[in-house]
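Asks: Have a look at this one.
Numbering (the working numbering), first residue to last: 67 to 314.
Below you can see the structure in the form of structure tokens.
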């Protein structure tokens, strides 16, 4: 049986237990059909693999965050939904604000997806914040620090594309994914430049949008753009990022 697109988006796996806290009427129907053996539970006594909390505002978040975390298995997945800006629901939560109660408890936002026209959902993972920061500082340390403003401009452009992008910060690169990876940033020392790999199917190469070299190291990328200063992230690059995002 084909599982629901929402269950896929929330990364629910076969055999997992899923608990919904403060969910809107009819929400659990959107999750069905679930993967084989996965079940929705209402009893918080047993630790769950996935907990999905709905919070209209920070007061809701403060009220339910503790029970939501307590209901999770040690390696469980925590999703928290909040109203979209276009929903018409008054809220003080957004993608970048209002999550102090979880941050103070060691939870870090790692992914944002759209649930429906009213709700977005943030996935939280425990204990990744410092490591993530360290990896980014490692990539852009020393002489490569001059490349950080270029990366920041690429990252800012990503935020304008959609609310379903997952950012994966690794030891030597940063990957951007939707349904699949569509872009990757690599800081290079010799020569000193930021290389932006893009997955653009059936797009001809140009002098600037080059075919990806064999030694680039990202199998998903078809093209690469060399960026040496923040101003290089111009309308052309933003257009290529949009096209890669749309294809992903």
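We put the beta carbon where it would ideally sit given N, CA and C, even for glycine.
It should be emphasised that the depicted structure is a prediction, and the values quoted were computed from it without experimental measurement.
#1: Terminal residues of the continuous alpha helix (DSSP H) containing residue 74?
#2: Looking at the unbroken beta strand (DSSP E) that takes in residue 252, where does it start and where does it end?
#3: Can you pull the DSSP bridge partners for residue 153?
#4: Quick check on the burial criterion: 16 or more other C-beta atoms within 10 angstroms. Buried or exposed for residue 128?
#5: Give the straight-line distance between the Cα atoms of residue 244 and residue 109, rounded to the nearest whole angstrom.
#6: Can you tell which of 99, 122, 80 and 92 has its C-alpha closest to the C-alpha of residue 153?
#7: In three-state terms, what does DSSP make of residue 79?
#8: Starting from residue 306, trace the alpha helix (DSSP H) in both directions and tell me its first and last residue.
#9: Apply the 10 Å Cβ neighbour rule to residue 261 and answer buried if 16 or more other Cβ atoms are within range, or exposed otherwise.
#10: Can you tell me whether residue 263 is buried or exposed, with buried defined as 16 or more other CB within 10 angstroms of its CB?
#11: Taking only runs that begin and end inside the segment 110-164, name each unbroken beta strand (DSSP E) of 3 or more residues, in chain order.
#12: Suppose the cutoff is 6 Å on Cβ atoms and the five residues either side in sequence are ignored; what does the same chain contact list for residue 117 look like?
#13: Is it true that the segment 270-289 meets the segment 197-215, where meeting means three or more beta-carbon pairs spaced less than 8 Å apart?
#14: CA-CA distance, residue 298 and residue 239?
#15: Residue 295: which of 90, 231, 242 and 218 sits nearest, CA to CA?
#16: In terms of DSSP beta bridges, what is residue 235 paired with?
#17: When the Cβ atoms of the segment 165-182 are set against those of the segment 218-235, are three or more pairs found closer than 8 Å?
#18: Tell me whether residue 71 is buried or exposed, calling it buried when 16 or more other Cβ atoms sit within 10 Å of its Cβ.
Replies: Let's see:
#1: Position 8 of the chain shown, counted from the first residue, corresponds to residue 74. In the DSSP assignment, residue 74 falls within the unbroken alpha helix (DSSP H) covering 71-75.
#2: For the purposes of this step, residue 252 is identified with residue 186 of the chain shown, where counting begins at 1. Run containing residue 252: 247-254, per the beta strand (DSSP E) assignment.
#3: Within the chain shown, numbered from 1, the residue matching residue 153 stands at position 87. Note: residue 153 sits in no beta bridge, so no partner.
#4: Mapped onto the chain shown, residue 128 falls at position 62. By the Cβ neighbour-count rule, residue 128 is exposed, with fewer than 16 other Cβ atoms within 10 Å of its own.
#5: Here residue 244 refers to the residue found at position 178 of the chain shown. Here residue 109 refers to the residue found at position 43 of the chain shown. Approximately 33 Å, taken between the alpha carbons.
#6: Position 87 of the chain shown holds residue 153. Checked all of 99, 122, 80 and 92; the closest Cα to residue 153 is 122.
#7: Translated into positions along the chain shown, residue 79 becomes position 13. Coil, per DSSP.
#8: For the purposes of this step, residue 306 is identified with residue 240 of the chain shown, where counting begins at 1. Boundaries of the alpha helix (DSSP H) around residue 306: 301-313.
#9: To locate residue 261, count along the chain shown from 1; it is residue 195. Under this definition residue 261 is a buried residue.
#10: By one-based count along the chain shown, residue 263 stands at place 197. Residue environment: residue 263 is assigned as buried (16 or more neighbouring CB atoms within 10 Å of its CB, all protein chains considered).
#11: You should have 114-120 and 138-149.
#12: To locate residue 117, count along the chain shown from 1; it is residue 51. For residue 117, the CB contacts under 6 Å within the same chain, skipping 5 residues up- and downstream, are 85, 134, 137, 138 and 144 in chain order.
#13: Touching, no, given that fewer than three Cβ pairs across the two stretches are closer than 8 Å.
#14: In the chain shown, residue 298 corresponds to position 232, counting from 1. In the chain shown, residue 239 corresponds to position 173, counting from 1. Using only the alpha carbons, I get a separation of about 19 Å.
#15: The residue you call residue 295 lines up with position 229 of the chain shown. Closest by alpha carbon: 218.
#16: Translated into positions along the chain shown, residue 235 becomes position 169. Per DSSP, the beta bridge partners of residue 235 are 240.
#17: Here the segment 165-182 lies against the segment 218-235, with 3 or more beta-carbon pairs under 8 Å apart.
#18: The sequence position of residue 71 within the chain shown is 5, counting from 1. It is exposed - the Cβ of residue 71 has fewer than 16 other Cβ atoms within 10 Å.
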